[in-house]
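**Q** Numbering (the UniProt record's numbering), first residue to last: 1 to 394.
We put the beta carbon where it would ideally sit given N, CA and C, even for glycine.
(1) Let me make sure I understand the geometry here. Which of 241, 169, 180 and 68 has the alpha-carbon closest to that of residue 196?
(2) Is it right to say residue 205 is buried, meaning 16 or more other beta carbons lie within 10 angstroms of its own, or is it exposed?
(3) Can you tell me whether residue 114 is buried or exposed, with buried defined as 16 or more other CB within 10 angstroms of its CB?
(4) Leaving aside the five residues before and after residue 19 along the sequence, list all residues of the same chain whose C-beta is less than 7 Å from its C-beta, in chain order.
(5) If you run the structure through DSSP and keep just helix, strand and coil, what is residue 41?
(6) Consult DSSP for residue 20 and reduce its assignment to one of helix, strand or coil.
(7) What is the DSSP secondary structure of residue 193, counted as helix, strand or coil?
(8) Can you tell me which of the three DSSP states residue 112 falls into?
(9) Whether or not the segment 97–106 and the segment 37–49 are in contact is what I'm after, with contact meaning three or more pairs of Cβ atoms, one per stretch, closer than 8 Å; do they touch?
(10) Bridge partners for residue 80 per DSSP, in chain order?
(11) Grab the span of the alpha helix (DSSP H) containing residue 55 for me, first residue to last.
(12) Is the segment 160–177 in contact with the segment 221–240, if contact means three or more CB pairs nearer than 8 Å?
(13) List the endpoints of the continuous alpha helix (DSSP H) containing residue 85.
(14) Where do the ends of the alpha helix (DSSP H) carrying residue 129 lie?
(15) Determine the closest residue to residue 109 out of 78, 191, 128 and 97, with distance taken between C-alpha atoms.
(16) What are the boundary residues of the beta strand (DSSP E) that residue 221 is part of?
(17) Span of the beta strand (DSSP E) holding residue 236?
(18) Contact check, residue 167 vs residue 199 under 8 Å by CB: the rounded distance?
(19) Under 8 Å, do residue 171 and residue 250 count as touching if we go by C-beta distance?
(20) Pull up the distance between the alpha-carbon of residue 180 and that of residue 54, whole angstroms please.
(21) Going by C-alpha distance, which of 221, 86 and 147 is nearest residue 243?
(22) Specify the secondary structure class of residue 252 as computed by DSSP and reduced to three states.
Following this line, the structure appears as structure tokens:
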């Protein structure tokens, strides 16, 4: 029995179910206030002065109470703080402030809009069909004329632009944290940096503004994605398939791997990583995968309790079951790990001019089999992989 369940009366249980049934009202209300421009109006150059619904609407609006009800709902969810009674006024909480555009114009507002655009929302009522027919078409395609999600974004310019802005809004704070912890010296020797899955190129732009020694950035993503990417000084947009070939450079940067506990314990995801790793290593012209006993390192970028907990977990053996000891390299949480080399050559090729990949084998532990750095940010459950030749990052 769930905690607290025994304390609910029948009436309270029914009320809880009614609340669950109406939860769709929260993201829809959030989407509405974003489209009405409420967060930016309340923020007003950082003042964040509480405003009433009437203040937020055009003069003479016939019924501000409709917007007021939306704001009160979102205040109950921690997006706004409510002040006064007649009239009620609303300011942004820390959560609500994530919807305010920063200096670059990015925010989490487009992330909300992307998740609740019509093409996605109409798929949710058909979710049960994915359970009954898991081998059938994806639910998104069932309700969008048979077009899968990524193909849909490639065809719909407006949806693609929202997606690009959403990814930029999410990536910027992550990249700020990464550059804060890794920017000084982390890209030594890198003149050309390739961002695999770089979307609009916003991450490359942030890196190159900070790391002046990087002369060229290559933003590599699906052709439909880079076709909509804006021009960026020093960045070349390239479309293609990362499993076939990747543009060459001094280092490969990827921000595409999530939830390491799942990635490194499932065989299919391990195979995905090996394929991707081999393609990247050929792109940077490295022979690291041919040398046994290659060393890499895992760095905890975010300081504080979360970083310390992750470092403690690694020290306790969370990164492997093979009994090897990990050497602590100091307060930054840098850890040098002994890595296995990939198996001997065998059948199979990635295509696109990439030499045959090594035979695959099951990966049983966190990134020990991949002999280049993994940059782990525990707080955001994101793994960033930077692959470079031994002479670049050692």
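**A** So, to answer that:
(1) 241
(2) buried
(3) buried
(4) none
(5) helix
(6) helix
(7) strand
(8) helix
(9) yes
(10) 92
(11) 53–56
(12) yes
(13) Unbroken run through residue 85: none, as it is neither H nor E.
(14) 127–132
(15) 97
(16) 216–221
(17) 235–239
(18) 4 Å
(19) no
(20) 42 Å
(21) 221
(22) strand
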